[in-house]
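See below for the structure under consideration.
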Amino acid sequence: DLEQPMHDEL
Amino acid sequence: MNIFRLAGDMTHLASVLVLLLKIHTIKSCAGVSLKTQELYALVFATRYLDIFTDFISLYNTVMKLIFLGSSFSIVWYIRRHKIVRRSYDKDQDTFRHYFLVLPCLLLALVIHEKFTFREVMWAFSLYLEAVAILPQLVLLQRTRNIDNLTGQYVFLLGAYRALYILNWIYRYFTEPHFVHWITWIAGLVQTLLYADFFYYYFESWKNNVKLQLPA
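See the structure below:
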């Protein structure tokens, strides 16, 4: 499945 | 990383440092809403759940630790510190901030990027951050003379999210598939809530008079 959406912002 | 986002993070960092400086040096939290500080501590606690599982960069991890540490220590100072707590006007800081938490949680359960615990908490933290300033703005309306540090704190806190909007515009045009509607709309609502504060803050700066928000 789609890997976890990566949140790269604070 | 782009200049808008770096400026946003530095402005956000400056806002928490201004507040910590005020509370730690003059041992006073007059005009500061404990409720807004508690909401922000909750925002960071629910947003940075991945701090130990996903390593993005040293910068990212360090900033998360700073925001978590500063927000919880500010809450501790206002609640527990024997001198600071005396300057907290709890009968003025009466916004029912628990009424903000539940709707944000329900909204996050309905609107999120992915129905996982982490993503629901992420959306919750964005919705909560958008409204977290409300108790502070209400308190400022009730506080007759707003001291400079508190005014600067609120200004910097609003400015950081406005800079983030520029960052999102920049990333939208420079990175394919960079679309985060939830973050964008929450961030826009958050910044709009500061609109009238920015107006009175700018007016007081331009006319060199004490900042006062109309009741």
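Order-wise, the sequence lines are chains A and B. Under my numbering, the first residue of the first sequence carries the number 162, and numbering increases by one thereafter. Under my numbering, the first residue of the second sequence carries the number 860, and numbering increases by one thereafter. By construction, the Cβ of each residue, glycine as well, lies at the ideal position given by its N, Cα and C atoms. Keep in mind that this is a model prediction, so the values were computed, not measured.
Simplified DSSP state of residue i, which is helix, strand or coil
i: residue 1021(B); result: helix
i: residue 962(B); result: helix
i: residue 928(B); result: helix
i: residue 171(A); result: coil
i: residue 940(B); result: coil
i: residue 991(B); result: coil
i: residue 1010(B); result: helix
i: residue 873(B); result: helix
Integer Cβ distance of residue i from residue j, believed to fall under 8 Å
i: residue 926(B); j: residue 875(B); result: 7 Å
i: residue 1011(B); j: residue 877(B); result: 5 Å
i: residue 970(B); j: residue 1024(B); result: About 19 Å; that fails the 8 Å criterion.
Other residues of its chain near residue i: CB distance less than 7 Å, five sequence neighbours each side excluded
i: residue 1026(B); result: 861, 863, 864 and 867
i: residue 981(B); result: 906
i: residue 894(B); result: 952, 954, 956 and 994
i: residue 1060(B); result: 1010, 1014 and 1070
Contacts that residue i makes with chain A (C-beta to C-beta distance below 9 Å)
i: residue 950(B); result: Correct list: empty, because the minimum Cβ distance to chain A is about 34 Å.
i: residue 926(B); result: 171
i: residue 861(B); result: None at all; the shortest Cβ gap to chain A is about 11 Å.
Interface residues of chain A facing residue i [CB-CB closer than 7 Å]
i: residue 970(B); result: Near residue 970(B) there are no residues of chain A at all, since even the closest Cβ is about 14 Å away, more than 7 Å.
i: residue 915(B); result: 169
Neighbourhood of residue i by C-beta, 6 Å cutoff - its chain only, sequence neighbours within 5 removed
i: residue 959(B); result: 990
i: residue 903(B); result: 926, 927 and 930
Neighbourhood of residue i by C-beta distance below 8 Å, restricted to the same chain and skipping five residues each side
i: residue 987(B); result: 898, 901, 902, 905, 959, 960 and 963
Name the residues in the stretch 972-997 of chain B whose C-beta lies less than 9 Å from a C-beta of chain A; which are they?
972, 973, 975, 977, 978 and 981: these are the residues of the stretch 972-997 of chain B whose beta carbon lies less than 9 Å from some beta carbon of chain A, given in chain order.
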